[in-house]
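Visitor: For the sequence shown, the working numbering gives the first residue as 29, with consecutive numbering after it.
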Amino acid sequence: MTARYDTRDGIAVITLDNPPVNGLGYQTRRAVAEGLASAQADTGVRAIVLTGAGRAFSGGADIREFDSPLALAEPNLLTLIKLVEACSKPVVAAIHSVCMGGGLELSLGCHYRVATAAAAIALPEVKIGLIPGAGGTQRLPRVLGVETALNMIVSGEPVRSEVLAALPGQKLFDQIIEGDLLAGALAFAGRVAEHRPMPSVRALKASHPNPDAYLQFARNTVGAMSRNFPAPLACVEAVAASLKLPLEAGLAEELRIFRPLMSSPECKALRHAFFGERAAGKIPDVPETTPQRPLAKVGVIGAGTMGGGIAMNFLNAGLPVTLLEMSQPALDRGLATIRSNYESQLKRGKLKPDILAARMALLSTTLDYAALADADLIIEAVYEEIGVKQSVFERLDAVAKPGAILASNTSTLDLDRIAGFTTRPQDVVGMHFFSPANVMKLLEVVRGKATAKDVLATVMALARKIKKTAVVSGVCDGFIGNRMIEQYSRQAGFLLDEGATPAQVDKAMERFGMAMGPFRMGDLAGNDIGWAIRKRRAVERGTLRYSKTADLLCELGRFGQKTGAGWYDYAAGKRDAIPSPLVEQMIAAHRQELGISPRRIGDEEIVQRLVFALVNEAAHILEEGIANKASDIDMVYLTGYGFALHRGGPLCYADSLGLYNVAAAMQRFAANPHDDGEFWRPAPLLARLVAEGKTFT
Ligand code: NAD
Numbered sequence: 029m030t031a032r033y034d035t036r037d038g039i040a041v042i043t044l045d046n047p048p049v050n051g052l053g054y055q056t057r058r059a060v061a062e063g064l065a066s067a068q069a070d071t072g073v074r075a076i077v078l079t080g081a082g083r084a085f086s087g088g089a090d091i092r093e094f095d096s097p098l099a100l101a102e103p104n105l106l107t108l109i110k111l112v113e114a115c116s117k118p119v120v121a122a123i124h125s126v127c128m129g130g131g132l133e134l135s136l137g138c139h140y141r142v143a144t145a146a147a148a149i150a151l152p153e154v155k156i157g158l159i160p161g162a163g164g165t166q167r168l169p170r171v172l173g174v175e176t177a178l179n180m181i182v183s184g185e186p187v188r189s190e191v192l193a194a195l196p197g198q199k200l201f202d203q204i205i206e207g208d209l210l211a212g213a214l215a216f217a218g219r220v221a222e223h224r225p226m227p228s229v230r231a232l233k234a235s236h237p238n239p240d241a242y243l244q245f246a247r248n249t250v251g252a253m254s255r256n257f258p259a260p261l262a263c264v265e266a267v268a269a270s271l272k273l274p275l276e277a278g279l280a281e282e283l284r285i286f287r288p289l290m291s292s293p294e295c296k297a298l299r300h301a302f303f304g305e306r307a308a309g310k311i312p313d314v315p316e317t318t319p320q321r322p323l324a325k326v327g328v329i330g331a332g333t334m335g336g337g338i339a340m341n342f343l344n345a346g347l348p349v350t351l352l353e354m355s356q357p358a359l360d361r362g363l364a365t366i367r368s369n370y371e372s373q374l375k376r377g378k379l380k381p382d383i384l385a386a387r388m389a390l391l392s393t394t395l396d397y398a399a400l401a402d403a404d405l406i407i408e409a410v411y412e413e414i415g416v417k418q419s420v421f422e423r424l425d426a427v428a429k430p431g432a433i434l435a436s437n438t439s440t441l442d443l444d445r446i447a448g449f450t451t452r453p454q455d456v457v458g459m460h461f462f463s464p465a466n467v468m469k470l471l472e473v474v475r476g477k478a479t480a481k482d483v484l485a486t487v488m489a490l491a492r493k494i495k496k497t498a499v500v501s502g503v504c505d506g507f508i509g510n511r512m513i514e515q516y517s518r519q520a521g522f523l524l525d526e527g528a529t530p531a532q533v534d535k536a537m538e539r540f541g542m543a544m545g546p547f548r549m550g551d552l553a554g555n556d557i558g559w560a561i562r563k564r565r566a567v568e569r570g571t572l573r574y575s576k577t578a579d580l581l582c583e584l585g586r587f588g589q590k591t592g593a594g595w596y597d598y599a600a601g602k603r604d605a606i607p608s609p610l611v612e613q614m615i616a617a618h619r620q621e622l623g624i625s626p627r628r629i630g631d632e633e634i635v636q637r638l639v640f641a642l643v644n645e646a647a648h649i650l651e652e653g654i655a656n657k658a659s660d661i662d663m664v665y666l667t668g669y670g671f672a673l674h675r676g677g678p679l680c681y682a683d684s685l686g687l688y689n690v691a692a693a694m695q696r697f698a699a700n701p702h703d704d705g706e707f708w709r710p711a712p713l714l715a716r717l718v719a720e721g722k723t724f725t
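Written out as structure tokens, the structure reads:
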């Protein structure tokens, strides 16, 4: 059983008890229904208190039941809420900590609600592409007013109970309890036990002084903010029904709107991302019980683009950081950048002055490696050259204390080789942050062949502390994300050779849902970075076929925004990408040299060639065991590369199209003489999945 039942002085107490957050799974629902029946049958019971054990009142539906028939097994949540509403004795919800989704909907079926001041109240269904489906869109407007309810339902964000309880005219909370919640709830229940008729949200009306104008305003604003996602507008329509219809009809309308969302591709994508985020933290052979190393002090080497941002992550989490550079001017520059980043947050009202001061006080700087001797974790973000990495790791090996974790932020270099520069390869790990490192969610944790399990466990836990999505990658050139992006960029280059313009490619990808097309991304990150990588790779593994346009661009010194010109032109001090006649001429001249006559290329081909290039490389990465699971690859792309969230990541998207169709398109691309036919041979894993009628995810 997953709810407890007992009685105290004539009051029955039903306590949801389904860790971790009292999800309303089948067994829990049954136990509550049985509790209600017992309380009604017991003539000694005058009223009922419904509460939650542990860390929540209830977090809502039990996510372990998603996609299982158990989610709908009777008593389903709608039935349970009806049982509560129809109970012959008053039911008081005693709310604390977390009251979300189905948990809030259940409490709205109760006759009374009391809460602690700091409970987090939310209907977060929109975040997984749904609307609340158990009466939330009909009952919340009846107790909080249409505007407050709609804001909560469309955003999915939690609001503190005391904030809601302070709203004029609100009927969500009957009392905010100070001190012991259960004692307060029992006392409250005792006071109202004999009151008849019992109040019911069902009897309230939702109203608005100017409903048509308000709803039109809501449709316009929500529609504009939620391009690509149907759920937010569906929330507006469901709440609109609460204004027009009696409760029963409103509930039917809610269900009518809810059902098709359940099977929409956007809902599937959002759920994939939701579970992918949780799954990314789990490493098959590193159980959650793996001991962790102590982590109280951090060292960062290199105060350039990455080092400064990396340091900020730890300062934000309250960990002291020592920043090391080669020279005082470099150190001063790095420190000034960190300070100015914080000051701009201060100006935007995102940071308070005392917090800024506290964070800066945690930061110390040095030119001397000896200052890193007591650090528990040292991350290097020095130049991307193996010789420089070697000298840094040899010095670290000499000064770091035994057991200190030695991490590299390298984007492409061989982590095992770097580990080999030390006498303690088991302590070496990759922590590949993305730029800007204090903002981007993704952290690729690179597992070397010697990396110890407790090092991995420590770094994964640290990632949670600094609010990153950590994904484990094995060692290969570019790890998961950059290895895939190489194929994506290569296709973008071939498209230029064949007749497309940078702006056309970017627009097609942005319409597909990418935060930024490949050429705008190149201009932002710096085209010289890819140039240097291509040169290194040409030496290491022979020349891979590329469009030469990217090299020609760099030979013109057009590195991107930082040089005021790249694939696009930029007005001084502005970031707007203006198509460049010079670049178009350069591309056309190169095309002529290749003897290609340009053709019109449609958006669909652009999107498919770029995205399927990611998919085919991802299939190799999975098969080689570089990534542990398909959802890890999707999380890398959603959190590090601005991949369209409503598509769920490249592999979720490929699955939604059907892998048979994806492989068939690859075969068509292979026949294009200006493309790399060899690359387009479907990866063995992909071919196998097609043959077996299976999917990646
Ligand atoms: P950067 O040139 O901006 O900064 C490097 C800094 O390291 C410089 O300030 C330099 O003075 C310092 N440095 C060099 N050698 C040193 C040494 N021996 N001891 C101490 N300090 C030293 O470079 P960056 O863009 O910050 O890149 C750093 C690392 O991060 C590279 O390995 C790069 O591949 C990786 N990386 C970069 C990005 C990015 O977008 N820039 C993203 C992810 C990873």
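Beta carbons are placed, not taken as given, at the ideal position from N, Cα and C, and that holds for glycine.
Does the beta-carbon of residue 516 have 16 or more other beta-carbons within 10 angstroms, so that it is buried, or is it exposed?
Guide: With 16 or more other Cβ atoms within 10 Å, it is buried.
Visitor: Hey, would you say the C-beta of residue 180 is under 7 Å away from at least one heavy atom of ligand 1?
Guide: Not under cutoff, so the answer is no.
Visitor: Quickly, what does DSSP pair residue 498 with across the bridge? List them, please.
Guide: DSSP, once it has assigned bridges, lists 471 as partnering residue 498.
Visitor: May I ask you to verify whether the segment 627-642 touches the segment 506-520, counting CB pairs closer than 8 Å and requiring at least 3?
Guide: Enough Cβ pairs lie closer than 8 Å, so yes.
Visitor: State the Cα-Cα distance for the pair residue 90 and residue 55, rounded to the nearest angstrom.
Guide: Going by the C-alpha atoms only, they are around 10 Å apart.
Visitor: Can you tell me which of the three DSSP states residue 681 falls into?
Guide: Correct three-state label for residue 681: helix.
Visitor: Just reading off the alpha helix (DSSP H) that residue 577 is part of, what are its end residues?
Guide: Taken as a continuous stretch (DSSP letters only), the alpha helix (DSSP H) holding residue 577 covers 577-583.
Visitor: Going straight from the alpha carbon of residue 746 to that of residue 188, what length do you get?
Guide: In the structure displayed, the chain extends from 29 to 725; residue 746 sits before or after that span and is not available.
Visitor: Whole angstroms are fine: how far does the CA of residue 581 sit from the CA of residue 619?
Guide: Distance between the alpha carbons of residue 619 and residue 581 is about 14 Å.
Visitor: Going by DSSP in three states, residue 115 sits in which element: helix, strand or coil?
Guide: Looking at residue 115 - three-state DSSP - the assignment turns out to be coil, as it is neither helix nor strand.
Visitor: State the Cα-Cα distance for the pair residue 540 and residue 214, rounded to the nearest angstrom.
Guide: Cα-Cα distance, rounded: 55 Å.
Visitor: Excluding the 5 residues preceding and the 5 following residue 586 in the sequence, name in chain order all residues of the same chain whose CB lies nearer than 6 Å to its CB.
Guide: Excluding sequence neighbours, residue 586 sits near 593 and 594.
Visitor: Since residue 410 sits in a beta bridge, which residues does DSSP pair it with?
Guide: Answer by DSSP bridge pairing: none, since residue 410 is not bridged.
Visitor: What do you get for residue 589, buried or exposed, if any count of 16 or more other CB atoms within 10 angstroms of its CB means buried?
Guide: Classification of residue 589: buried, given that the 10 Å Cβ count is 16 or more.
Visitor: If you scan the segment 416-469 from start to end, which runs of the beta strand (DSSP E) of 3 or more residues do you find wholly inside it?
Guide: Here the runs fully enclosed are 433-436 and 456-461.
Visitor: Is the beta carbon of residue 395 sitting closer than 8 Å to the one on residue 363?
Guide: No, Cβ-Cβ distance for residue 395 and residue 363 is not below 8 Å.
Visitor: Is residue 702 near ligand 1, judged by its Cβ being under 7 Å from some heavy atom?
Guide: For ligand 1, not one heavy atom lies less than 7 Å from the Cβ of residue 702.
Visitor: Express the C-alpha separation of residue 297 and residue 677 in angstroms, rounding to a whole number.
Guide: Taking the straight line from one Cα to the other gives about 8 Å.
Visitor: If residue 475 and residue 457 are in contact, beta carbons under 8 Å, what's the gap, nearest whole angstrom?
Guide: Between residue 457 and residue 475 the Cβ distance is about 7 Å, and since that is below 8 Å, they are a contact.
Visitor: Is residue 416 near ligand 1, judged by its Cβ being under 7 Å from some heavy atom?
Guide: At least one heavy atom of ligand 1 is nearer than 7 Å to the Cβ of residue 416, so yes.
Visitor: What residue from 310, 322, 315 and 350 has the CA that sits closest to residue 329's CA?
Guide: With distances taken between Cα atoms, residue 329 lies closest to 350.
Visitor: Span of the beta strand (DSSP E) holding residue 729?
Guide: In the structure as shown, the chain starts at 29 and stops at 725, and residue 729 therefore has no counterpart that could be examined.
Visitor: Sort 617, 659, 535 and 652 by Cα distance to residue 632 and report the nearest one.
Guide: Of 617, 659, 535 and 652, the residue nearest in Cα terms is 535.
Visitor: My output table needs one value for residue 33: the three-state DSSP class, helix, strand or coil.
Guide: Strand.
Visitor: Below 7 Å CB to CB, which residues in the same chain sit around residue 239 once its five sequence neighbours on both sides are set aside?
Guide: Same-chain partners within the cutoff: 271.
Visitor: Please tell me whether residue 65 and residue 106 are closer than 8 Å, where the distance is taken between their beta carbons.
Guide: It is not a contact, given that the beta carbons lie outside the stated cut-off.
Visitor: Cα separation between residue 32 and residue 450?
Guide: Those two C-alpha atoms are separated by around 56 Å.
Visitor: Is it the case that the Cβ atoms of residue 114 and residue 135 are separated by a distance below 8 Å?
Guide: Going by C-beta atoms, residue 114 is not nearer than 8 Å to residue 135.
Visitor: Provide the residue(s) that pair with residue 607 in DSSP beta bridges, ordered along the chain.
Guide: 596.
Visitor: CB-CB under 7 Å to residue 561, same chain, minus the five flanking residues each way: which ones, in chain order?
Guide: Excluding positions up to five away in sequence, the list reads 440.
Visitor: May I have the straight-line CA-CA distance separating residue 12 from residue 264, to the nearest angstrom?
Guide: Outside the displayed span of the chain (29 to 725) sits residue 12, for which this structure offers no information.
Visitor: Can you find the residues in the same chain that come closer than 6 Å, C-beta to C-beta, to residue 636, ignoring five residues on each side of it along the sequence?
Guide: Same-chain partners within the cutoff: 693.
Visitor: Let me check you understand the geometry: is the CB of residue 254 closer than 7 Å to at least one non-hydrogen atom of ligand 1?
Guide: Not under cutoff, so the answer is no.
Visitor: If you follow the alpha helix (DSSP H) that residue 738 is in, where does it begin and where does it stop?
Guide: Nothing can be reported for residue 738, as the shown portion of the chain is limited to 29 through 725.
Visitor: Looking at residue 439 and ligand 1, is the gap between the Cβ and the nearest heavy atom below 7 Å?
Guide: Because some heavy atom of ligand 1 lies under 7 Å away, the Cβ of residue 439 counts as near it: yes.
Visitor: What whole-angstrom Cβ distance do residue 417 and residue 438 have, given they're in contact under 8 Å?
Guide: Contact holds; Cβ gap of about 7 Å.
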